[in-house]
Amino acid sequence: MRGVKLFACLAVGILFLTGCGGERTLTCTNSEEQNGINIDQKITMTFKEDKVTDVKMSIDSKAASEVFENNWDVFAAMMDQQFEEKNEDGVSLKTNNDADNHTYRVDLTVDLEKATDDALAEYGLDGITDANATYEDTKKDAEDAGYTCK
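Printed below as a string of structure tokens:
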């Protein structure tokens, strides 16, 4: 009976120390205006044992000038062409064009354990599963690129 209690205490202690499998989440955001468009980006990365396993990215674009509001259809068509919706090979990409409010949203979710090399390459993420970048390395790189990370 004493052995069972000791084992239970050790198991609970290990769960607290490892954070239930060593999973951590890094969320980085960036906002900027480029040529009459406000762009807000949010990237959330899940790390298991200090390796990236999932990436979620959202990009919100909003017209910040009358020129873009008046030419919203052209901008949205260009975005539609650049970001085709997809849900396969561990990658999900969805878009939402709100023409009334002149906003365009892109949501990209990548499960790195399921995504194929070709699917990763399509979004510039090839090599991410082979990278030795840790949580701290990734956070530093993102902050150096102008993101705010938590």
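Numbering (our numbering), first residue to last: 276 to 425.
Virtual Cβ for every residue (Gly too), placed ideally from N, Cα, C.
Note that the structure is a prediction, hence the values are computed from the model and not measured.
Output the distance between the C-alpha atoms of D393 and T370, rounded to the nearest integer angstrom.
21 Å
For the beta strand (DSSP E) that D416 lies in, which residues bound it at each end?
Counting along the chain, D416 falls outside any beta strand (DSSP E), though it belongs to the alpha helix (DSSP H) covering 410-419.
Once you ignore the five residues that flank E397 on each side, which residues in its own chain have a CB closer than 6 Å to its CB?
none
With a Cβ-Cβ cutoff of 8 Å, do E324 and G365 count as a contact?
no
Going along the chain, which unbroken runs of the alpha helix (DSSP H) with 4 or more residues stay wholly within the segment 324-398?
341-345, 347-357, 392-397
When you compare the CB positions of I318 and A338, do they come within less than 8 Å of one another, or not?
no
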